[in-house]
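**Q** Take a look at this one; I'll ask things after.
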Amino acid sequence: MNNKEIIEKVEKLVEMYKNGALGGEVMPEDSNPHLPKETIENYNYYTLPMALNYQRNSYKLWESANDTWNDPETNFVFDTKKVSVSNLEEVQKALTKYKVALQKNKQTEIWIKLCNTINTLFDGDIRKLFAINNYDVNRIRDYIQKENKTKFPYLSGNKICNYWLYVLYQYTDVKFINIGDLTVAPDTHVIKASYRLGLINDQELESNNVQILVIHRWNQLLKKTKYNPIDIHTPMWLWSRNGFKDLQ
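This is the structure:
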């Protein structure tokens, strides 16, 4: 399949998404406590669970996060400074009560480490990360994925980092620059959709570096088009999740 044919399919897919043919009226992150967009609480809500958003149902993750926030006994886990003065067992109990953490040891440790990073580097305010990098998504990604990768477990990954920044852009008051440089977030659904569209072949689908391949191919394909890579993430994700409806 040539690039022109793939672009034509992308245009059909985006049109179906806009027309509601792929679903998506309610996205996973719509399950939230409707906090004021500008607050640190809102930023934490969309940051901490994101680090646990791998190999699981995203809708259930955010339902669990919302339940955890709405319970006075568990919502302290969204306050990074409260987490830092709590013992592991307390945090673990809160994160597993509504199944935000499915792997009670590993995912509790990830949550605590991320809280400690936010406390140490940004005095408990993740918004300072964006300010010190001039709200530039490229500088922010370099800071997280290259300069301080080990301090941001899973949030620094190819899949989660881009999607996290995109979600913040949608659900908080942050005003990023170079938002068009965000790539697709190559999760299982996006990889399958990319394969279905002909962007990668059978061998590449099974390769260990398929995430990097998908990111690179979409970046190259969409240059000089009206689409940014992140624009097509949600249409592809919904298309795969709903069983690859025929493109019309």
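8 is the number of the first residue of the sequence shown in the numbering used here; add one for each residue after it. Each residue gets a CB set at the ideal place from its N, CA and C atoms; glycine is no exception. All values derive from a computational prediction rather than experimental measurement.
(1) Can you list, in chain order, the residues of its chain with a C-beta nearer than 6 Å to that of residue 173? Leave out the 5 residues immediately preceding and following it.
(2) Tell me the DSSP secondary structure of residue 78 in three-state form.
(3) Report all residues from its chain with a CB closer than 8 Å to the CB of residue 142; omit the five preceding and five following residues, and keep chain order.
(4) Rounded to the nearest angstrom, how far is the Cβ of residue 167 from that of residue 176, given a contact under 8 Å?
(5) What distance in whole Å lies between the Cβ atoms of residue 90 and residue 98, which are believed to be in contact at a cut-off of 8 Å?
(6) Grouping DSSP H, G and I as helix and E and B as strand, with all else coil, what is residue 133?
(7) Between the Cα of residue 95 and the Cα atoms of 82, 81, 75, 119, which residue gives the shortest distance?
(8) Under 8 Å Cβ to Cβ from residue 301, same chain only, skipping five residues before and after it: list those, please.
(9) Can you confirm whether the stretch 28-35 touches the stretch 197-212 when touching is taken to mean that 3 or more C-beta pairs between the two stretches lie within less than 8 Å?
(10) So, with DSSP's three-state summary, where would you put residue 86?
(11) Tell me which residues share the same chain as residue 132 and place their Cβ nearer than 6 Å to its Cβ, disregarding the 5 neighbours each side in the sequence.
(12) Helix, strand or coil for residue 207? Go by DSSP, reduced to three states.
(13) Is there contact here, the stretch 194-205 with the stretch 69-78, by at least three beta-carbon pairs under 8 Å?
(14) Thinking C-alpha only, which one of 41, 85, 191 is nearest residue 55?
(15) Would you please state the rounded distance, in angstroms, between the beta carbons of residue 136 and residue 129? I believe it to be under 8 Å.
(16) Using the Cβ count rule (16 or more neighbours within 10 Å means buried), how would you classify residue 159?
(17) Just the C-alpha distance for residue 116 and residue 15, rounded to the nearest angstrom, thanks.
(18) Let me know the secondary structure DSSP gives residue 143 once reduced to three states.
(19) Output the distance between the C-alpha atoms of residue 61 and residue 164, rounded to the nearest integer angstrom.
**A** On the basis of the data shown:
(1) 189, 237
(2) coil
(3) Non-local beta-carbon contacts of residue 142 in its own chain, meaning distances under 8 Å to residues more than five positions away in sequence, involve 181, 182, 183, 184 in chain order.
(4) That pair is no contact at about 15 Å.
(5) 6 Å
(6) coil
(7) 119
(8) The requested residue 301 is not part of the displayed model; the chain covers only 8 to 255.
(9) no
(10) Secondary structure at residue 86: coil, using DSSP grouped into helix, strand and coil.
(11) The answer, listed in chain order, is 47.
(12) Under the three-state reduction of DSSP output, residue 207 falls in the coil class, being neither helix nor strand.
(13) no
(14) 85
(15) 6 Å
(16) So residue 159 counts as buried.
(17) 45 Å
(18) strand
(19) Roughly 10 Å separates the two Cα atoms.
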